[in-house]
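Let me begin by presenting the structure, written as structure tokens, before commenting on it.
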Amino acid sequence: MRRPALALPSWLPVDGYILALLATVGLAALLPATGSAATVADGAATGAVSFLFFLYGARLSTAEAMAGLRHWRLHLTVLACTFVLFPLLGLAARGLVPYVLPGGLYTGVLFLCLVPSTIQSSIAFTSIARGNVAAAICAGSFSSLVGIVVTPLLAALVLDGEGPGVSGGALVSIVCQLLLPFLAGQVLRRWIGGFLTRHKKVLGLVDRGSILLVVYSAFSAGVVAGIWHQVSPVRLLVLLGVLALLLAVMLVLTWYGSRKLGFGRADRIAITFAGSKKSLAAGLPMASVLFGAQAGLAVLPLMLFHQLQLMVCAVLAKRFAARAEPEGAEPDAPEDGGPADAPAATRDGEPVAAGESR
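Numbering (full-length UniProt numbering), first residue to last: 1 to 358.
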């Protein structure tokens, strides 16, 4: 199939959505929303976030989630990586303050370690690497669902004394803006699920547009509050180094740790991609609720980590695929009873592209 003329080259390390995010940050830096415009932007961002989680709930198939429960060992492993190992590493990074990271950026790194795993990009990378795609779908969905409840609770626990803190009012806002719309989507799924499936491309634009609106509102508030004067180019480079080390540690732990736990190769690939990645789409709305005017600085580590994980995991997925068994060879048998090697997801005969935002 011929590549569309306007498509980004497959080797380009920055995907189109990341470019849009960077452009939005630039717009907020040059033309931040102030006064009544800021009030309108905040209200629009709040409504967009609620609608976004309503769509998440309406599109998550309860039947698929229940079917995936038979791979409970794999899902528990991914959840442990996402909500236990990552937070522990984030707490350990406290030793980098203040000599390596200032307190504001460390709060962002710690918050990054609390958000759920990705869905689309984990599935795409698992597919390209010839891993267990079905397990990646369920693991990402479970992580996102659990994260709606667990991430705010962990934030209330570990962010106490870090940055603005997490108040009871913020937790109530999380429930009202994120959890209730998600549950409403689940309830209405039987009536609107088919419509959402038929128009998934348009709704994908709604997804991404909502995130861009949240980014603009959060970074505008940061510019108005003057928090960006705290971040120098040197600090940004140091932050990138810290995030690269964090990603490398999690990739090593998920790959070799899953082997120690007895998982087969296909399941190890799914665990590696789902357990080492963080969701920009889930993290940004939560940060806007939890941090308010300081959300811009708090989400900066998450945005940088998101780009790093896309670049590194794209290379890893191709290496895993190159090392996969030749066609017709006997694949590794998984230890947990799951399917050995799920077929790679394709669209028009080509692998699903990586680089989704979630």
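Each residue gets a CB set at the ideal place from its N, CA and C atoms; glycine is no exception.
query                                                                                                           : result
Whole-angstrom distance between Arg323 and Val115, CA atom to CA atom                                           : 31 Å
Buried or exposed by the 16-neighbour rule on C-beta atoms within 10 Å, applied to Ser232                       : exposed
Cβ-based burial, Gly16 [other Cβ within 10 Å; buried from 16]                                                   : exposed
Endpoints, the alpha helix (DSSP H) within which Pro285 is located                                              : 280-291
Span separating the alpha-carbon of Ser220 from that of Val214                                                  : 10 Å
Minimum C-alpha distance to Gly57 - residue among Trp255, Arg189, Thr272                                        : Arg189
Counted within 10 angstroms of its Cβ, other Cβ atoms place Ser36 as buried (16 or more) or exposed             : exposed
Buried/exposed call for Arg265, threshold 16 Cβ in 10 Å                                                         : buried
Buried versus exposed call for Cys81 [16 or more other C-beta atoms within 10 Å across all chains shown]        : buried
Residues near Ile192 by beta carbon distance below 6 Å, same chain, minus five either side                      : Ala58
C-alpha distance - His229 paired with Gly104, whole-angstrom precision                                          : 12 Å
Rounded C-alpha distance that separates Leu6 from Leu261                                                        : Confidence is the limiting factor: at Leu6 the pLDDT is only 41, short of 50, which leaves the residue's position unreliable, though a coordinate-based value still follows. Each residue's Cα considered, the two are about 44 Å apart.
Whole-angstrom C-beta distance between Ala139 and Ala274, which should lie under 8 Å                            : 4 Å
Straight-line gap, Ala248 to Thr254 (C-alpha atoms, nearest Å)                                                  : 10 Å
Distance CB(His75)-CB(Phe142) smaller than 7 Å                                                                  : yes
Beta-carbon proximity check, residue 367 vs Gln177, cutoff 7 Å                                                  : A query on residue 367 cannot be resolved here, the shown segment of the chain reaching from 1 to 358 and no further.
Between the CA atoms of Ile123 and Val187 - distance to the nearest angstrom                                    : 25 Å
C-beta atoms of Ala45 and Ser217 nearer than 7 Å                                                                : yes
Candidates Leu251, Thr151, Leu89, Leu159: closest to Leu308 by CA position                                      : Leu251
Other residues of its chain near Val238: CB distance less than 8 Å, five sequence neighbours each side excluded : Val100, Leu101
Ala136 versus Val158, Ala270, Ser279, residue with shortest Cα-Cα distance                                      : Ala270
Backbone CA spacing between Gly257 and Val84 [nearest angstrom]                                                 : 14 Å
Coil, strand or helix - Val312 by DSSP                                                                          : helix
Nearest-angstrom Cα separation, counted from Phe54 out to Leu183                                                : 7 Å
Alpha helix (DSSP H) segment containing Leu178, residue limits                                                  : Where Leu178 is concerned, there is no enclosing alpha helix (DSSP H), given that its DSSP letter is neither H nor E.
CB contact flag (Leu243, Leu304, <7 Å)                                                                          : yes
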